[in-house]
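Colleague: Residue numbers (our numbering): 1 to 222.
Built from N, CA and C at the ideal position, the CB exists for glycine as well.
For reference, the structure I am asking about is given below.
Following this line, the structure appears as structure tokens:
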């Protein structure tokens with residue numbers, strides 16, 4: 001795709017703005033209001049009938065097919081299970097299904113706390129966002145690429161600077177070999193937490209939450 005839809009939507013979310021969709025999803029799924037092919041959409045719901053390259057999204061008023069078949073040869077949808085709660089970022093596609101479908105660019109899976117993204121090469125051209133939250137200058141949410149990993153700390157290149165992230169306050173250790181989330185060098189992550197020792201200069205972010213953006217190099221359980 002020509003641009004990273006998730007990066008744009010994530011930037012808007014971090015700045016506290018609300019994404020307003022001009023297309024009513026229910027109308028699109030029922031095919032009562034034709035949607036413009038290629039229109040951007042964000043929609044949340046529950047996974048049904050998951051397969052390697054598509055799944056059915058139950059969003060409440062109706063259901064719609066979410067396609068992942070234009071992604072690379074890696075079966076990203078293999079990580080999805082029926083009943084998962086997801087948010088899909090993608091584009092309307094009328095080419096194949098009469099009622100319309102969604103070509104997914106990014107799928108956030110609540111149960112895994114991870115993003116599954118279409119392109120594995122976006123890290124080199126990605127627009128990184130960094131935000132300090134108003135009235136709480138020690139709080140920070142950032143996205144970036146992991147450059148170094150130690151036992152209880154890893155380093156994130158935000159595009160502006162490198163920040164050390166300490167995971168000791170989390171209920172799990174994403175740096176060990178246990179559990180689904182296993183952060184490694186080169187991973188793209190979103191981290192929120194308390195910033196210690198000033199803003200970026202010799203600073204450490206004590207993480208309160210971490211999300212990983214997964215591509216075809218992900219280490220999925222077999």
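1) To the nearest angstrom, how far is the alpha carbon of residue 206 from that of residue 196?
2) Three or more C-beta pairs under 8 angstroms: does that hold for the segment 105-113 against the segment 77-93?
3) Between which two residues does the beta strand (DSSP E) carrying residue 166 extend?
4) Hey, how far is the Cα of residue 92 from the Cα of residue 64?
5) What number of angstroms, rounded off, separates the C-alpha of residue 162 from the C-alpha of residue 185?
6) Which value, in whole angstroms, describes the spacing of the CA atoms of residue 171 and residue 208?
7) Can you tell me which of the three DSSP states residue 40 falls into?
8) Please return the same chain residues whose Cβ sits closer than 8 angstroms to the Cβ of residue 167, not counting the five positions on each side in sequence.
9) What is the residue span of the beta strand (DSSP E) that residue 171 lies within?
10) Check whether the Cβ of residue 114 sits closer than 6 angstroms to any heavy atom of the ligand HEM, and report yes or no.
11) Can you tell which of 60, 142 and 165 has the C-alpha that lies nearest to the C-alpha of residue 150?
12) Only counting the same chain, and skipping five residues up and downstream in sequence, which positions put a Cβ closer than 6 angstroms to that of residue 190?
13) Kindly indicate the opening and closing residues of the beta strand (DSSP E) around residue 183.
14) Compare the Cα-Cα distances from residue 146 to each of 60, 182, 79 and 103 and report the closest residue.
15) Give the secondary structure of residue 104 by DSSP, where H, G and I count as helix, E and B as strand, and everything else as coil.
16) Quick one: what's residue 158 bridged to in DSSP?
17) Give me the DSSP bridge partner(s) of residue 152.
18) DSSP three-state call for residue 249: helix, strand or coil?
19) Select from 179, 140 and 58 the residue whose C-alpha is nearest the C-alpha of residue 101.
20) What are the boundary residues of the beta strand (DSSP E) that includes residue 90?
21) Do residue 67 and residue 56 have their C-beta atoms within less than 7 angstroms of each other?
22) Residue 208 by DSSP, collapsed to three states: which one?
Modeller: On the basis of the supplied data:
1) One-based indexing of the chain shown puts residue 206 at position 206. One-based indexing of the chain shown puts residue 196 at position 196. In a straight line, the C-alpha of residue 206 is about 7 angstroms away from that of residue 196.
2) yes
3) As a position in the chain shown, residue 166 is number 166, starting the count at 1. For residue 166, the enclosing beta strand (DSSP E) covers residues 162-166.
4) Start at 1 with the first residue of the chain shown, and residue 92 comes out as number 92. Start at 1 with the first residue of the chain shown, and residue 64 comes out as number 64. Residue 92 and residue 64: Cα-Cα distance of roughly 11 angstroms.
5) Translated into the one-based positions of the chain shown, residue 162 becomes position 162. Translated into the one-based positions of the chain shown, residue 185 becomes position 185. Residue 162 and residue 185: Cα-Cα distance of roughly 13 angstroms.
6) Numbered from 1 along the chain shown, position 171 holds the residue referred to as residue 171. Numbered from 1 along the chain shown, position 208 holds the residue referred to as residue 208. Cα-Cα distance, rounded: 9 angstroms.
7) Indexing the chain shown from 1 puts residue 40 at position 40. Note: residue 40 maps to strand in three-state DSSP.
8) As a first step, residue 167 must be located in the chain shown, where it is residue number 167. Cβ within range, chain order: 152, 153, 154, 173, 174, 175, 207 and 210.
9) The residue given as residue 171 occupies position 171 in the chain shown. It is not in any beta strand (DSSP E) - residue 171 carries neither H nor E in the DSSP assignment.
10) The ligand content of the structure shown is nil, which means the ligand HEM is not present either.
11) Stepping through the chain shown from its first residue, residue 150 is reached at position 150. Of 60, 142 and 165, the residue nearest in Cα terms is 165.
12) Working through the chain shown from its first residue, we reach residue 190 at position 190. 143 and 211, listed in sequence order.
13) For the purposes of this step, residue 183 is identified with residue 183 of the chain shown, where counting begins at 1. Counting along the chain, residue 183 falls outside any beta strand (DSSP E), and DSSP gives it neither H nor E.
14) Against the chain shown, residue 146 aligns to sequence position 146. Measuring from the Cα of residue 146, the nearest candidate turns out to be 182.
15) As a first step, residue 104 must be located in the chain shown, where it is residue number 104. Three-state DSSP puts residue 104 in a strand.
16) Sequence index remark: in the chain shown, residue 158 carries index 158 (1-based). The partner list for residue 158 (beta bridge, DSSP) is empty, contrary to what the question assumes.
17) Position 152 of the chain shown, counted from the first residue, corresponds to residue 152. According to DSSP, residue 152 bridges with nothing at all.
18) Residue coverage of the chain in this structure runs from 1 to 222, which leaves residue 249 outside it and unanswerable.
19) As a working mapping, residue 101 is identified with position 101 in the chain shown. Of 179, 140 and 58, the residue nearest in Cα terms is 58.
20) Along the chain shown, read from residue 1 onward, the residue named residue 90 stands at position 90. Its beta strand (DSSP E) spans residues 85-93.
21) The residue you call residue 67 lines up with position 67 of the chain shown. The residue you call residue 56 lines up with position 56 of the chain shown. For residue 67 and residue 56, no; Cβs fall outside 7 angstroms.
22) Within the chain shown, residue 208 is the residue found at index 208, counting from 1. DSSP places residue 208 in strand when its eight states are reduced to three.
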